[in-house]
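Novice:
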Amino acid sequence: MDFEECLRVHGPALWRVIASYAPVGAERDDLAQEVLLAVWKALPRFRGESSPRTFVLRIAHNRCLSASWQRARRPAGSEGELIRLPDPRPPADEELSRQQRTERLLWHVRTLPLGQRQVLTLALEGLSHAEIAEVVGITPENVAVRLGRARETLRCSMEREAA
Amino acid sequence: MTGWEALQSTWAGGSGVLPDVRARAEQEARRHRRSGVSVFALLAGASLCTLPAFAAPEGVVHLIGWAMLGFLAAMGVGFVVIQRGVGSPDVKGPREAIAFLERRLAGERRVAHLSRWVYLALCIVGTVLTQLLYVEHGSPLSVRLMTLACFVFGLTVTFTAPMWFGRIARRRQSEIDRWRGWVEEQNL
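Those sequence lines, one after another, are chains A and B. This note's numbering numbers the first residue of the first sequence as 1 and each following residue consecutively. This note's numbering numbers the first residue of the second sequence as 1001 and each following residue consecutively.
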């Protein structure tokens, strides 16, 4: 699989995975750079044992997880995301509105625990339980459980914000 | 539309620009090839322009022609040596791409130094020879001063080339350092 082709096909999905781990700004850019380097490095090792999408998403999630752990080890005070909730007011421009809706969803997704976040983002990408299990390295039953919890947590978070 | 489908629809709407490292390295590789071709086209064109000097009756003009050819030869040889040092624009993997970008930046820095010293020699020789020519022809002082000013201006620009190149290259160097840091950090 060619890197350019891979970016063309899976670029948007990669972007969403990255955005579900890092808020907009330099942190997201840095993480995107890391993920792309990792995908580029790993592509020659792709043997077609899984689907290209699963392969690429697995790399992205692994890199994002490593970054999250590194971030968690950083001294407190460097994380400013919790107070940066996107503006809930509907903007005039439709495109801007769509982007804001996505950013708001991404913000809620980023508040989920890592295990739930992983399965939820992959499910939102349209992966089956078996495919998610392959990416995350858990059983499909476990995926179903985590996904159920993730959806519930997400719903609560969104309801709390609406209230 | 169910709640889940609405979420999926919102989710699928998210997209953004990804910083493509390889595209950056390939862009630099294309620039590297283009710079080789354009420098040699420029040198060949300039060499052709010096040829009429050898048809002039004055010996000093011949010397100016030789000085120009010497300058172009020095620039050409220096450029070839530097280009060979930069090596092939290999962007097979991140490490190779970053190494190429570093070599290219170092090569450009060397070109700035090459310009500084070769232009210095040209300006000194050119100033002496043109002043000799003006004395021979009895040219007015204003012409002499104008020529001298041109050489001084050229020398100022080229002698300070490494300095202003350093300023321009700072951003690229920090970009390369960041990539290098990521590659090392992630053990890629």
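All C-beta atoms, glycine included, are put in the ideal place defined by N, C-alpha and C. Please read these numbers as outputs of a predicted model, since none were measured by experiment.
Just mark A/E79 as buried or exposed, buried being the case when its beta carbon has 16 or more other beta carbons within 10 Å.
Specialist: Here residue 79 of chain A refers to the residue found at position 79 when the first sequence is read from its first residue. Unreliable positioning characterises A/E79 in this predicted model, as indicated by a pLDDT of 43, which lies under 50. The coordinate reading is nonetheless provided below. So A/E79 ends up on the exposed side.
Novice: Taking only beta-carbon atoms, is A/S78 less than 8 angstroms away from chain B?
Specialist: On the first sequence, residue 78 of chain A is found 78 positions in, with the first residue counted as 1. At A/S78, the pLDDT of 42 sits below 50, so the modelled position is not reliable and the matter cannot be decided from this model.
Novice: Under three-state DSSP, which class holds B/V1135?
Specialist: Along the second sequence, read from residue 1 onward, the residue named residue 1135 of chain B stands at position 135. The answer is helix: DSSP assigns B/V1135 an H, G or I state.
Novice: Taking a contact to mean a Cβ-Cβ separation below 8 angstroms, would you say B/H1062 touches B/A1053 in this structure?
Specialist: As a first step, residue 1062 of chain B must be located in the second sequence, where it is residue number 62. As a first step, residue 1053 of chain B must be located in the second sequence, where it is residue number 53. For B/H1062 and B/A1053, yes; Cβs fall inside 8 angstroms.
Novice: Assuming contact is defined by CB atoms lying nearer than 8 angstroms, are B/I1064 and B/L1120 in contact in what I supplied?
Specialist: Looking up residue 1064 of chain B in the second sequence gives position 64. Looking up residue 1120 of chain B in the second sequence gives position 120. Cβ atoms of B/I1064 and B/L1120: not closer than 8 angstroms.
Novice: Assuming contact is defined by CB atoms lying nearer than 8 angstroms, are B/L1043 and B/M1068 in contact in what I supplied?
Specialist: For the purposes of this step, residue 1043 of chain B is taken as residue 43 along the second sequence, with counting starting at 1. For the purposes of this step, residue 1068 of chain B is taken as residue 68 along the second sequence, with counting starting at 1. Cβ distance not < 8 angstroms, so B/L1043 and B/M1068 don't count as in contact.
Novice: To the nearest angstrom, report how far apart A/N142 and A/R8 are at their CA atoms.
Specialist: Sequence index remark: in the first sequence, residue 142 of chain A carries index 142 (1-based). Sequence index remark: in the first sequence, residue 8 of chain A carries index 8 (1-based). Straight-line Cα distance between these residues: approximately 32 angstroms.
Novice: Grab me the residues of B/Q1173's own chain with a C-beta within less than 7 angstroms of its C-beta, minus the 5 sequence neighbours each way, in chain order.
Specialist: Counting from 1 along the second sequence, the entry for residue 1173 of chain B is found at position 173. Counting only Cβ-Cβ distances below 7 angstroms, and skipping sequence neighbours, we find L1105.
Novice: Report yes or no: is there a C-beta of chain B within less than 8 angstroms of the C-beta of A/W69?
Specialist: Taking the first sequence and counting its residues from 1, one reaches residue 69 of chain A at position 69. No - not a single Cβ of chain B is within 8 angstroms of the one on A/W69.
Novice: Starting from the N-terminal side, write out each stretch of the alpha helix (DSSP H) that is 4 residues or longer and does not extend beyond the segment 1093-1160 of chain B.
Specialist: Counting only runs of 4 or more, we get 1094-1137, 1141-1159.
Novice: Taking three-plus beta-carbon pairs below 8 angstroms as touching, is the segment 1084-1094 of chain B in contact with the segment 1102-1116 of chain B?
Specialist: The answer is yes - the segment 1102-1116 of chain B touches the segment 1084-1094 of chain B, with three or more Cβ pairs under 8 angstroms.
Novice: Indicate the three-state DSSP secondary structure (helix, strand or coil) for A/D30 in the structure shown.
Specialist: By 1-based counting over the first sequence, the position of residue 30 of chain A is 30. Correct three-state label for A/D30: helix.
Novice: Given a limit of 7 angstroms on CB to CB distance, which residues of the segment 3-25 of chain A reach chain B?
Specialist: Cβ contacts with chain B come from F3, L7, G11, P12, L14, W15, R16, A19.
Novice: Express the C-alpha separation of B/A1097 and A/V17 in angstroms, rounding to a whole number.
Specialist: Translated into positions along the first sequence, residue 17 of chain A becomes position 17. Translated into positions along the second sequence, residue 1097 of chain B becomes position 97. Spanning the two alpha carbons is a distance of roughly 25 angstroms.
Novice: For A/A162, report the span of its alpha helix (DSSP H) as first-last.
Specialist: The residue given as residue 162 of chain A occupies position 162 in the first sequence. Segment 140-162, the alpha helix (DSSP H) holding A/A162.
Novice: Are the C-beta of A/L147 and some C-beta of chain B separated by less than 8 angstroms?
Specialist: By one-based count along the first sequence, residue 147 of chain A stands at place 147. No - not a single Cβ of chain B is within 8 angstroms of the one on A/L147.
Novice: Kindly list, in the order they appear in chain B, the residues whose Cβ is closer than 7 angstroms to that of A/T54.
Specialist: As a working mapping, residue 54 of chain A is identified with position 54 in the first sequence. Under the 7 angstroms cutoff, chain B gives no residues; its nearest Cβ is about 18 angstroms from A/T54.
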